[in-house]
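Right, one structure below, let's go through it.
Residue numbers (the working numbering): 161 to 649.
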């Protein structure tokens, strides 16, 4: 961020939020497809946009009105720059799409909204095919779900299941509405050949000539279920048991991060899950290297030999990788009463934090509010719950603008010849990183640190004129301080 943008913040309190918003919007992604105002967009269109780095991902909403979400309700996309709605888009409709940025801390930043119109439809949809089970699959579990592919322009699907060609003895052209899966309420017959037909439809009719697909169920449904060992009296689990938390917090500076499992299994598969049902296989060992935050899945399996062949008994677990970092304490609010004080620690950062007073070892609490605190010096501690650091700051005394001189006189008389930060007499925890000096137009002039003599009022060994100058002090553990001072000769 250059100083001219900071100068906007300094010069007018009323412009503060405008400047921040302008900087945020300048980083926003833009749709590359569709483009605002496009017509005849396919109902199975894939939305694409420009990449923006330094953020946690994107959120996409689609609706039939401005800011609408009735088609897609604030869908987190992750860091992908594309997304295909799994159920497609309504035909011959004016739609609105809104894209938002997800920062590592703070609420989403709403960016571009576009409008476009989808193609008109005057014919029935084409046919669909099974996704699960695959056509001609064998040894399919009798509790399997039936899934099929999206058929563009379809608004619903008829599903038939039978035990003979063109049979409907299990399910007779049941209307699945606009979904892509069916969970049979009863088990499918064991060791049977199942015939399945999916027929998409819309307001202009149903697809014709759709292919009937077939798969075979196994007799070994229960081979993977836990059972009681009559000799030991303990349960035996043919499928591996996965002991993995729902969320794994890592520090942002630890990427890539290796995760390993101690679960006992004959084989492992680690996947990164993306939009829809898309997954990418990352590893087939007991560990995986994680390159970015997001959602992942571990699948562990054992191979079981049965009289009907080899069966893979598997178990899987979805988990989220969340990036954390040490907190930045923005400020500490203190309300004094006649008897005690109330302290509120205000911190920000891309982590989950807990708070303590006066003891680095705690006890910590989730709330940043402390009440009935006795008078006297206090120290605030903010700890990242994922072990990414503890930030410390004194409560009752901290560096502010009064610790920077309002003027100096670099005339060579040995008195007040340098402009420099004034060390407070009290103890304080804030650590100054650097101090930048600018002219009133925002042009950088000089950089100093808190332990140097300071600035002598020159630029490239040339004395500068009497006027006001600006400074920005940056810190290792708090927000910047901005201010101005006068050079007098």
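Ideal placement from N, C-alpha and C gives every residue a C-beta, glycine not left out.
- Short of 8 Å from the beta carbon of residue 550, and not among the five residues preceding or following it, lie these beta carbons of its own chain, in chain order: 486, 520, 541, 542, 543, 544.
- Here the alpha carbon of residue 214 sits roughly 11 Å from the alpha carbon of residue 188.
- In terms of Cβ geometry, residue 484 and residue 411 form a close pair [threshold 9 Å].
- According to DSSP, residue pairing for residue 581 in a beta bridge does not occur.
- Contact between residue 221 and residue 253 fails: their C-beta atoms lie close to 15 Å from each other, not under 8 Å.
- No Cβ-Cβ contact shorter than 9 Å links residue 283 with residue 200.
- Linking residue 219 to residue 439 through their CA atoms gives a straight-line distance of about 19 Å.
- For residue 639, there is no enclosing beta strand (DSSP E), since its DSSP letter is neither H nor E.
- In this structure, residue 355 and residue 322 form a Cβ contact; the two beta carbons are roughly 5 Å apart against a cut-off of 8 Å.
- Under the three-state reduction of DSSP, residue 384 is assigned to helix.
- Under the DSSP assignment, residue 599 falls outside any beta strand (DSSP E); it carries neither an H nor an E label.
- The Cβ neighbour count for residue 529, taken over all protein chains shown within 10 Å, is under 16; the residue is labelled exposed.
- Close CB contacts of residue 293 within its chain, under the 7 Å cut and outside five residues either way in sequence, are with 300, 304, 375 (chain order).
- Taking a C-beta distance under 9 Å as the contact criterion, residue 504 and residue 518 do not qualify as a contact pair.
- Per DSSP, the continuous beta strand (DSSP E) segment holding residue 449 begins and ends at 447-450.
- Beta-carbon to beta-carbon, residue 449 and residue 423 are separated by about 18 Å, too far to satisfy the 8 Å threshold.
- Residue 413 and residue 442 have their C-alpha atoms some 21 Å from each other.
- The beta carbon of residue 596 sits closer than 6 Å to the beta carbons of 607, 632 from its chain, once the five residues preceding and following it are set aside; these are given in chain order.
- Annotated three-state conformation of residue 493 is strand, per DSSP.
- Taking 9 Å as the cut-off, the Cβ atoms of residue 458 and residue 434 do not count as close.
- Per the DSSP secondary-structure output, residue 341 pairs in a beta bridge with 307.
- Residue pairing from DSSP places residue 235 in a beta bridge opposite 220.
- Shortest Cα-Cα distance from residue 511 to any of 481, 205, 546, 247 involves 546.
- Look at residue 527 here: in three-state DSSP terms it is coil, with no helix or strand label.
- A distance below 7 Å between beta-carbons, with the five flanking residues on each side excluded, links residue 309 to the following residues of its chain, in chain order: 288, 289, 291.
- Per DSSP, reduced to three states, the secondary structure at residue 434 is coil, with no helix or strand assignment.
- Three or more beta-carbon pairs drawn from the segment 200-210 and the segment 238-255 are found closer than 8 Å, and the two stretches are therefore classed as touching.
- Within 10 angstroms of the beta-carbon of residue 453 lie 16 or more other beta-carbons, which makes it buried.
- Residue 495 has its alpha-carbon roughly 37 Å from the corresponding atom of residue 576.
- When the Cα atoms are used, residue 537 and residue 560 turn out to be separated by approximately 17 Å.
- Contact check for residue 646 against residue 629 passes: the beta carbons are separated by less than 9 Å.
- Residue 421 counts as buried, since no fewer than 16 other beta carbons sit within 10 angstroms of its beta carbon.
- The residue among 386, 634, 474, 388 with its C-alpha nearest the C-alpha of residue 426 is 474.
- Non-local beta-carbon contacts of residue 455 in its own chain, meaning distances under 6 Å to residues more than five positions away in sequence, involve 433, 480 in chain order.
- Residue 398 sits close to residue 383, with the two beta carbons spaced by under 9 Å.
- Distances from the alpha-carbon of residue 626 to those of 570, 272, 578, 582 put 570 closest.
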